Amino acid sequence: MTDGGGLMALIDDKKAAAVAALAEVRDGMLVGLGTGSTAAFAIRALGERVAAGLSIRAVVTSEASGKLARELGIEVLDFATIAHVDLTIDGADEIDSRCFAIKGAGGAMLREKIVAASSARMVVIADGSKRVDRIGAAKLPVEVLPFAGAYVMRVLTDIGAAPIIRDNYRTDQGNLVIDCHFATLEDPRATAVTLAAIPGILGHGLFLDEVDAAYIATNGVVTRLERMGASD
Numbered sequence: 213m214t215d216g217g218g219l220m221a222l223i224d225d226k227k228a229a230a231v232a233a234l235a236e237v238r239d240g241m242l243v244g245l246g247t248g249s250t251a252a253f254a255i256r257a258l259g260e261r262v263a264a265g266l267s268i269r270a271v272v273t274s275e276a277s278g279k280l281a282r283e284l285g286i287e288v289l290d291f292a293t294i295a296h297v298d299l300t301i302d303g304a305d306e307i308d309s310r311c312f313a314i315k316g317a318g319g320a321m322l323r324e325k326i327v328a329a330s331s332a333r334m335v336v337i338a339d340g341s342k343r344v345d346r347i348g349a350a351k352l353p354v355e356v357l358p359f360a361g362a363y364v365m366r367v368l369t370d371i372g373a374a375p376i377i378r379d380n381y382r383t384d385q386g387n388l389v390i391d392c393h394f395a396t397l398e399d400p401r402a403t404a405v406t407l408a409a410i411p412g413i414l415g416h417g418l419f420l421d422e423v424d425a426a427y428i429a430t431n432g433v434v435t436r437l438e439r440m441g442a443s444d
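Residue numbering for the sequence shown is 213 to 444, as defined by my numbering.
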């Protein structure tokens, strides 16, 4: 259990990572905004910069992020009309040295992956607790068509995913989220292929090629982790 001081330190680290990532935002950019508690810090910090004169537009990965962005005066476009995003900023449940990430605790991983795929660059922000040697300990969410729920649960059980349907939850698309708990995740790419091949699974929280860089804050110190081959 995190004590009050520890919780405040985590919050401060999330804020520090968010502010550091915003150094990549330039006037005129179309910015993708992620979902979740850490992404919300980036949205708030971006709102402050917009209020100070920064000119950007945004697309969002969830209704919640859209509501927050609009409240802060950020112009939000309908992503359905957008083919290309300049920069996306999002959080992660886990991130490793390869810039492999697990995402989806906030339930928006399908939209997040679509926006990330459209982006010239995606950066993740996180506190130090999310940095791991290799991803795999965090639950791995999958978005599932409700019609296929029982079937997908059976197949996920058969492959050792120990699936649990997220109670009383639907995504913004009205779909189920099933959280998978693999004993090990030795080959994330093979797991991604396996999940994508299961009829009824619409998306999953493995981000293996999307993340270009991560800003990770620990005790107020921000470290930037760049994926090999990625550039500013």
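Don't be surprised by glycine CBs; every beta carbon is placed ideally from N, CA and C. The structure presented is a predicted model; accordingly, all values stated were derived computationally and were not measured.
Check: DSSP beta-bridge partners of Leu418; Outcome: Ile314
Check: Proximity of Pro375 and Gly417 at Cβ, strictly below 8 Å; Outcome: no
Check: Per-residue burial, Thr273 [other beta carbons within 10 Å of its own, 16 or more giving buried]; Outcome: buried
Check: Short Cβ contact (8 Å threshold) for Glu422 with Lys325; Outcome: yes
Check: Bounding residues of the beta strand (DSSP E) (the contiguous stretch that carries Glu355); Outcome: 352-356
Check: Cβ-based neighbour list, Gly278, same chain, cut-off 7 Å, excluding 5 preceding and 5 following; Outcome: Val272, Val288
Check: Completely contained alpha helix (DSSP H) runs for the stretch 359-407, where each covers 4 or more residues; Outcome: 361-370
Check: Alpha-carbon to alpha-carbon, Asp399 and Asn387; Outcome: 27 Å
Check: Own chain residues within Cβ distance below 7 Å of Leu420, not counting five before or after; Outcome: Phe312, Pro400, Arg401, Ala404
Check: Residue range of the unbroken beta strand (DSSP E) whose run includes Thr273; Outcome: Per DSSP, Thr273 belongs to no beta strand (DSSP E) and is neither H nor E.
Check: Cβ contact check for the stretch 362-379 and the stretch 322-336: 3 or more pairs under 8 Å; Outcome: no
Check: Cβ separation of Gly415 and Met334, assumed to be a contact under 8 Å, to the nearest whole Å; Outcome: Wrong, their Cβ atoms sit about 16 Å apart, outside the cutoff.
Check: Alpha-carbon spacing of Ala252 relative to Gly246, whole angstroms; Outcome: 8 Å
Check: Proximity below 8 Å, CB of Leu297 to CB of Leu258; Outcome: First, the residue type needs correcting, since residue 297 is Val and not Leu in the sequence shown. Taking 8 Å as the Cβ cut-off, Val297 and Leu258 do not qualify as a contacting pair.
Check: Residue nearest to Lys226 in terms of C-alpha spacing, selected from Val344, Arg346, Gly303, Glu283; Outcome: Gly303
Check: Residues near Leu437 in its chain [Cβ-Cβ closer than 6 Å; skip 5 each side]; Outcome: Ala426
Check: Where Gly319 sits in the DSSP three-state scheme; Outcome: coil
Check: Bridge partners - Thr247, DSSP secondary structure assignment; Outcome: Beta-bridge pairing links Thr247 to no other residue.
Check: N-terminal and C-terminal residue of the beta strand (DSSP E) that Ala426 is part of; Outcome: 425-430
Check: Presumed contact (8 Å Cβ cut-off) between Ile390 and Arg378, rounded CB distance; Outcome: 7 Å
Check: Distance between beta carbons of Ser331 and Thr293, contact taken as under 8 Å; Outcome: Rounded, the Cβ-Cβ distance is 16 Å, inconsistent with contact.
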